[in-house]
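Encoded as structure tokens, the structure appears first; notes follow it.
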Ligand code: TRP
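Okay, here's the thing in structure tokens:
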């Protein structure tokens, strides 16, 4: 089976150059690898947690979808959809909510940060905390487990959420899987290779620092303006510059070939002015981003095309989610009423096939028991006991502890019987007792 890679993009805000270099571009490149089946989705239910402005939600979903498509996402290869188009996700969220420990959610970073900030400010711990924020990791676990993703590329801040998804998935498997792995347990994947792009002031490029370079917004003019604001040292034109200390160079590196990187460094060492360096940087970024910006504009002018692509993505995603959720509903006991009569008959049949213990007294006055297979052959034969209670005690232990009690029990295997066969028979009895 191919490996499933899944990641979600929270639809708040407008993507900037840092999002492109740090997340969008590497995800698209990775989706082209052979043997990989990628699921990328707009996490718009998650966006609702942080934003109660419907127009911003709408706008951001459109812009982010258009950005990914313009950046070269191949929706024939990748399943690209909106979380909110998959009703199976909130339904699975509930099944998972029912097996998630509240204490674990208390420790989730996003909630804990809010609670700690409240306490530091002398407010009530949960002031302003919605259940959406509190349960955020469960919705995220449903996103991931719904598609049995093996790998989940995320930023470092999301690693705890992936661990929670593993945990919840494991608990669900244990409770309802009957020895089968219903869910694949996902692995977080942090892109160590991809350096986070520095912003205008050298800190990580982020909207919250107000140091971003726009990706498409405002065209080449805004790009030029932003690059002009990149902070450099005050070396004059003609003075040699240290390329390795300059974040302008780091941004350049993100778009340059190895040869271009070398040439740029050499020119700076030889005294290239920062003004000219910025012009080169604008030209380099524009060479990459320009053609994408045109595709972006064309898509934004035809939202119905984006809608159609996402609807098709939802169809593909639901082709996986719908049958899987049906299986999960079965597993937890949400079954058709007509099925209720059947399990009984099945249990009868099943019981008939189980091995049985028999206790009896021999002519020597001692008490014995034996375990016989469904066909009557003897699997285990006990020694004689003075008291019936003793024999009964061993039978009880073997029935509840199974093979674990076999080592101590005063019994012998039946003639020609393999120990493994006895262990299997006991395991079947233990399982039946738990039903
Ligand atoms: N919470 C993620 C973020 O803010 C977005 C997200 C939602 C996600 N569901 C996901 C990421 C599932 C990976 C897998 O970045």
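In this note's numbering, the protein residues as written are 11 to 445.
Every residue, glycine too, gets a C-beta built ideally from N, C-alpha and C.
Same chain, Cβ closer than 6 Å to residue i, neighbours up to 5 away in sequence not counted
i           : result
residue 310 : 76
residue 85  : 319
residue 243 : none
residue 359 : Its pLDDT being 49, under 50, residue 359 is placed unreliably in this model, and the value from its coordinates should be taken loosely. Hits under 6 Å: none found.
residue 298 : 265
residue 21  : 52, 54, 57, 70, 71 and 74
residue 125 : 135
Beta-carbon separation (whole angstroms), residue i vs residue j, contact threshold 8 Å
i           : j           : result
residue 74  : residue 52  : 6 Å
residue 431 : residue 389 : 7 Å
residue 157 : residue 49  : 5 Å
residue 147 : residue 115 : 7 Å
Any non-hydrogen atom of the ligand TRP within 7 Å of residue i CB
i           : result
residue 153 : yes
residue 171 : yes
residue 156 : no
residue 140 : no
residue 164 : yes
residue 160 : no
residue 53  : yes
residue 255 : no
residue 17  : yes
residue 444 : no
residue 267 : no
residue 197 : no
residue 168 : yes
residue 119 : no
residue 20  : yes
residue 150 : yes
residue 56  : yes
Contact set for residue i: own chain, Cβ-Cβ below 8 Å, skip 5 residues either direction
i           : result
residue 153 : 16, 18, 51, 53, 93 and 99
residue 227 : 24
residue 253 : 259, 274, 275, 278 and 279
residue 26  : 215, 217, 222, 223, 224 and 225
residue 410 : 440 and 443
residue 164 : 17, 171, 172, 198, 199 and 200
residue 81  : 30, 34, 35, 38 and 302
residue 378 : 369, 370, 371, 372, 391, 392, 393, 394, 395 and 401
residue 433 : 412, 413 and 416
Beta-bridge pairing of residue i - partner residues as DSSP gives them
i           : result
residue 319 : DSSP, once it has assigned bridges, lists no residue as partnering residue 319.
residue 234 : Note: residue 234 sits in no beta bridge, so no partner.
residue 198 : 162
residue 382 : 366 and 388
residue 18  : 51
residue 13  : 46
residue 64  : None, per the DSSP bridge assignment.
residue 299 : Beta-bridge pairing links residue 299 to no other residue.
residue 422 : 391
residue 92  : 52
residue 214 : 208
Residues near residue i by beta carbon distance below 7 Å, same chain, minus five either side
i           : result
residue 382 : 365, 366, 368, 388 and 389
residue 109 : 178, 181, 182 and 185
residue 295 : 233 and 265
residue 120 : 143 and 146
residue 208 : 214, 215, 257, 260 and 261
Residue i CB to nearest heavy atom of the ligand FAD below 7 Å
i           : result
residue 222 : This structure lacks the ligand FAD; the ligands present are the ligand TRP.
Contact with chain C by residue i, beta-carbon distance below 8 Å
i          : result
residue 64 : Structure shown: chain C not included; a single protein chain is present.
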